[in-house]
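Residue 328 is where the sequence shown ends in this note's numbering, and the numbering goes up by one at each step.
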Amino acid sequence: MAPSRGEPTEGNAPNLLSYPTNLVQTLDAHQAPVNVIRYNHGSKYLLSGSADRTIRLWNPVLGKEIKCYRGHAQEVLALDIANDNAKFASSGGDKSVFVWDVASGAVTRRLQGHFGKINAVAFSPDAQVLATAGFDAKVMLWDMRAQSRDPIQTLKDATSTLTSLLLPSSPQLITGSTDSNLRTYDLRFGLLTTDLVGHPITSLRLSPTAPEESILVGSGDGKIRVFDRKDGSVLQTFGGHKVTPQAGVRWGMNWGYGEGVVLAGDEEGKLWAWNVLDAKPLNSSPAPIHKRTITSIEMHPKGKEMITASLDGTIKVWSR
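Shown next as structure tokens:
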């Protein structure tokens with residue numbers, strides 16, 4: 009029996025040096041640039057956040073919008089979904105964090121405390137803690153079980169805007185900042201490890217198969233680097249795509265299936281792919297797939313589906 013949502017069927021594993029290139033759907037309900045997209049856990053559905061101040065829930069393969077969430081007063085910049093898929097968090101230009109019930113669309117919490125745009129949000133694996141980071145260079149930790157709407161902890165080690173935030177395990181938190189530092193916190197023991205990237209950090213992606221070993225770091229010089237998380241060394245560097253530093257603009261990047269390739273978008277709407285082992289581009293002159301900057305890339309864990317979002321206001325679904 010075929011999957012009801014049209015999801016990729018089982019079969020031979022995809023080639024590690026390839027990625028989905030067949031356009032399946034174009035989702036164009038947003039009325040302004042799409043800043044962020046995130047698969048839910050299980051990768052059956054997709055959330056998107058936009059400069060039109062809305063968040064939309066999609067069945068991406070069928071091209072169907074399921075629900076629209078409204079409440080933000082300014083652009084939506086960040087999303088994260090709890091592991092049980094029952095709630096998600098959003099943040100953006102209005103200095104507020106919203107926690108939503110997915111099914112009803114109700115806002116269950118509104119958290120305020122940052123003094124600027126909030127660029128990143130992340131739930132702990134058990135969804136009991138929410139971390140937020142933003143323009144004010146602060147990380148705030150919020151207890152999702154408490155009645156209080158005040159943060160339980162504030163980290164002030166960054167000296168300029170925090171752009172990225174990961175919370176892979178309850179005691180561990182990773183941040184990227186325009187002060188060029190990659191910081192890893194052990195919240196249980198109060199330890200901080202700092203790695204100097206050398207350029208403002210724009211985005212972070214942990215290795216999906218070995219998150220404790222390597223991390224993908226996008227930076228303001230237009231390069232993407234793989235860092236060894238154990239010793240802070242640079243394992244590989246990717247470049248050649250057109251990215252001009254612009255305030256507030258992020259370029260999407262991600263690991264390909266099986267980490268055989270690294271994918272990144274550029275300001276011309278082109279999607280670039282590099283062989284992880286030798287850093288050579290798979291295509292030295294890719295054609296544009298969007299009309300403007302690609303802001304976010306999601307790869308299905310089985311590698312048979314990829315989703316891209318852009319400042320052109322569209323989301324595109326690709327298959328092999």
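C-beta atoms are modelled at their ideal positions from N, C-alpha and C, and glycine is treated no differently.
If you're wondering where the values come from, they're calculated on a predicted model, not measured in any experiment.
Who are the Cβ neighbours of residue i in its own chain at under 6 Å, not counting the five residues just before and after it?
{"i": "Q244", "result": "V234 and A287"}
{"i": "N262", "result": "R213, L271, I305 and M307"}
{"i": "D6", "result": "What the structure shows of the chain is the stretch from 9 to 328, and residue 6 is not part of that stretch, so it cannot be assessed."}
{"i": "T186", "result": "S168, T169 and P208"}
{"i": "Y193", "result": "L181 and L200"}
{"i": "G226", "result": "T210, S211, I232 and M261"}
{"i": "G14", "result": "Legend: pLDDT at G14 = 42, less than 50; position of this residue unreliable, no value from coordinates given."}
{"i": "N7", "result": "It is not possible to answer for residue 7, since the shown part of the chain is limited to 9 through 328."}
{"i": "K299", "result": "G277 and D320"}
{"i": "G311", "result": "P22 and Y265"}
Please check the pair residue i and residue j, which I expect to be a contact at CB under 8 Å, by giving their CB distance rounded to whole angstroms.
{"i": "G184", "j": "L214", "result": "Contact flag wrong, Cβ pair sits at about 12 Å."}
{"i": "V105", "j": "L119", "result": "4 Å"}
{"i": "W280", "j": "P294", "result": "6 Å"}
{"i": "L24", "j": "L290", "result": "About 11 Å separates the two Cβ atoms, so there is no contact after all."}
{"i": "L35", "j": "I323", "result": "4 Å"}
{"i": "A128", "j": "A141", "result": "5 Å"}
{"i": "H80", "j": "D102", "result": "6 Å"}
{"i": "A94", "j": "V110", "result": "6 Å"}
Could you pull the DSSP bridge partners for residue i from this structure?
{"i": "G142", "result": "I126"}
{"i": "S72", "result": "Ser is not the amino acid found at residue 72; the sequence shown has Lys there. According to DSSP, K72 bridges with N67."}
{"i": "Y193", "result": "L181 and L200"}
{"i": "G100", "result": "V84"}
{"i": "V110", "result": "Per DSSP, none; premise fails for V110."}
{"i": "P219", "result": "Note: P219 sits in no beta bridge, so no partner."}
{"i": "D236", "result": "S222"}
{"i": "L54", "result": "Y47 and W66"}
{"i": "V105", "result": "S99 and L119"}
{"i": "V42", "result": "S58"}
If you reduce the DSSP assignment to three classes, tell me which class residue i lands in.
{"i": "G247", "result": "coil"}
{"i": "E267", "result": "helix"}
{"i": "S227", "result": "strand"}
{"i": "R213", "result": "strand"}
{"i": "L24", "result": "coil"}
{"i": "S156", "result": "coil"}
{"i": "R300", "result": "coil"}
{"i": "Q136", "result": "coil"}
{"i": "G79", "result": "coil"}
{"i": "P176", "result": "strand"}
{"i": "W280", "result": "strand"}
{"i": "S168", "result": "coil"}
{"i": "E275", "result": "coil"}
{"i": "K324", "result": "strand"}
{"i": "W259", "result": "coil"}
{"i": "P289", "result": "strand"}
{"i": "N93", "result": "coil"}
{"i": "V205", "result": "coil"}
{"i": "A317", "result": "strand"}
{"i": "D36", "result": "coil"}
{"i": "H308", "result": "coil"}
Would you call the CB atoms of residue i and residue j closer than 8 Å?
{"i": "I160", "j": "L149", "result": "yes"}
{"i": "V325", "j": "Q33", "result": "yes"}
{"i": "I126", "j": "G100", "result": "yes"}
{"i": "W66", "j": "Y77", "result": "no"}
{"i": "G57", "j": "L87", "result": "yes"}
{"i": "S318", "j": "T301", "result": "yes"}
{"i": "N189", "j": "L175", "result": "no"}
{"i": "E313", "j": "P28", "result": "yes"}
{"i": "G247", "j": "G230", "result": "yes"}
{"i": "D320", "j": "G277", "result": "yes"}
{"i": "V269", "j": "W282", "result": "yes"}
Taking 7 Å as the limit between beta carbons, can you name the residues of its chain near residue i, skipping five residues before and five after?
{"i": "R196", "result": "P179"}
{"i": "I89", "result": "R46, N48, H49, L55 and F96"}
{"i": "D60", "result": "H38, Q39 and A40"}
{"i": "G113", "result": "K75 and Y77"}
{"i": "M152", "result": "A135, Q136, V137 and L138"}
{"i": "W222", "result": "In the sequence on display, residue 222 carries Ser and not Trp. These residues qualify, in order along the chain: S215, V234, F235, D236, R237 and L243."}
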